[in-house]
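Under my numbering, the sequence shown has 50 at position 44, and the numbering climbs by one with no breaks. Some notes on the structure that comes next.
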Amino acid sequence: MCEQKISKQTNPQTTNPQLRVYIANLCKYNQGELTGGWLNLPATHDEIQAFLKNQVELNNLHEEYAIHDFESDFRLGEYENLYDLNLLAVMLEQMSEHEKAIAAAYCSANSLKDTLSILNTCKQIDELFYVELDANAWGSREEKLGYAIVDEFDSELKMALEQCKLGAGFCAYDYFDFEKYGRDIALSEGYFASDELFIFYVSDIDVKLYTVREIKDELCDARLEEV
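Below you can see the structure in the form of C-alpha cells.
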C-alpha cells in the first residue's frame with residue numbers, strides 16, 4: 007500500500023470546476039509509487055488526454071487509472087469512467103445550486119455513487135416530490151416535517167385547525183401535535199434524505215432510464231467530443 011499523501015495543489019486549468027478528482031496511475035500505485043494529479047472537470051477531450059499522458063503517465067504498459075480522492079457533493083466510485091464523469095460535470099454546469107443540492111441528497115440517501123445513476127438523477131430531478139425543511143429551525147425533523155406538510159400542502163387540514171376555536175384567542179392549530187403527524191408521514195410515505203430534505207416514495211426516478219450516450223447526445227457540448 008502506498009502511504010504517500012495526495013497533494014491538494016491547485017490544478018492549472020482555468021475552467022470553473024464542478025468536480026475535482028485525483029487520478030492515480032493504478033499500476034504504479036500497486037507497486038508503491040504514487041503517480042497522478044488533480045483534474046478539474048469539465049474539461050475538453052484533449053485536456054483529459056494530455057492530463058492522463060503527462061500527469062498520470064498512462065501508456066501501453068500502464069493503461070489503468072483509479073480515482074483516489076474527489077471534491078464533490080456526490081460520492082464517486084473508485085473506478086468510474088473519467089469521460090463519463092466529465093459528462094456529469096457538464097450536466098452539473100447547467101443546473102442551479104439548489105437542484106444540485108437536491109440531487110446530491112437523493113443520491114446520498116439511496117447510496118448511489120456510480121456515474122450513470124447520478125446522471126439519471128440529475129436529468130430527472132423534476133420528478134422528485136419532496137419537502138424542504140429548515141435545519142436551523144427549532145424542533146425535531148419530524149415536527150418540522152409536520153408543520154411543512156400542513157402549511158404548504160394540506161390547506162384543508164390547516165383551515166380546519168384554524169377554524170376550530172378553543173377560546174382565549176387559541177385554535178386547534180396551536181395545540182396540534184405536528185411532531186406525531188410528521189412522524190406518521192415519515193414512517194409511511196417517504197424518508198429523510200437529509201436534515202433539510204424529505205422525499206416521498208411516490209417520486210419516480212429510474213436511475214437506468216437514460217444511457218450515457220443518450221445524455222451526451224442531448225447535451226451536445228463540444229467539450230464532450232473527440233477531436
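The beta carbon of each residue, even a glycine, is placed where N, CA and C say it ideally should be. In this text the structure is predicted, and so the values were computed from the model without any measurement.
DSSP three-state label for residue i, please.
i: lysine 171; result: strand
i: valine 137; result: strand
i: glutamine 55; result: helix
i: asparagine 31; result: strand
i: glycine 196; result: strand
i: isoleucine 155; result: helix
i: glycine 42; result: strand
i: isoleucine 205; result: strand
i: phenylalanine 182; result: coil
i: leucine 225; result: helix
i: leucine 25; result: strand
i: leucine 215; result: coil
i: leucine 64; result: coil
i: serine 13; result: Residue placement at serine 13 is flagged as unreliable, the pLDDT there being 49, under the threshold of 50; the coordinate-derived value follows with that caveat. Serine 13 falls in the coil class under three-state DSSP.
When the distance is taken between beta carbons, is residue j closer than 8 Å to residue i?
i: aspartate 52; j: glycine 83; result: no
i: leucine 213; j: leucine 118; result: What sits at residue 213 in the sequence shown is valine, not leucine. A contact, by the Cβ cut-off of 8 Å.
i: asparagine 116; j: leucine 215; result: no
i: isoleucine 191; j: tyrosine 112; result: no
i: histidine 68; j: asparagine 31; result: yes
i: isoleucine 108; j: isoleucine 73; result: no
i: threonine 29; j: tyrosine 71; result: Looking at the sequence provided, one finds isoleucine at residue 29 rather than threonine. Result yes, Cβ atoms of isoleucine 29 and tyrosine 71 sit closer than 8 Å.
If residue i sits next to residue j, beta carbons under 8 Å apart, how far is it from one beta carbon to the other, in whole angstroms?
i: alanine 174; j: leucine 167; result: At roughly 16 Å, the Cβ-Cβ gap does not stay under 8 Å, so alanine 174 and leucine 167 are not in contact.
i: asparagine 92; j: proline 48; result: 5 Å
i: leucine 94; j: leucine 25; result: 7 Å
i: lysine 164; j: isoleucine 221; result: Not really, about 41 Å apart at Cβ, beyond 8 Å.
i: tyrosine 133; j: serine 194; result: Going by the sequence as given, residue 133 is glutamate instead of tyrosine. That belief does not hold up - the Cβ atoms of glutamate 133 and serine 194 are roughly 21 Å apart, past 8 Å.
i: methionine 97; j: leucine 225; result: 6 Å
i: tyrosine 153; j: phenylalanine 176; result: 17 Å between Cβ atoms; not a contact.
Note to self: For the structure I just gave you, are there three or more beta carbon pairs, one from the segment 61 to 72 and one from the segment 36 to 43, closer than 8 Å?
What the structure shows: yes
Next item on the list: Count the C-beta pairs between the segment 131 to 149 and the segment 184 to 199 that are closer than 8 Å, then say yes if the count reaches three, no if not.
Entry: yes
Check: Would the segment 101 to 111 and the segment 222 to 232 be scored as touching if the rule is three or more Cβ pairs under 8 Å?
Finding: no
Margin query: Threshold first: 3 residues or longer. Then list the beta strand (DSSP E) segments lying entirely within the segment 68 to 133, N to C.
Written below: 71 to 77
Next item on the list: Could you say if the segment 120 to 136 and the segment 149 to 156 meet the contact criterion of at least three C-beta pairs nearer than 8 Å?
Entry: no
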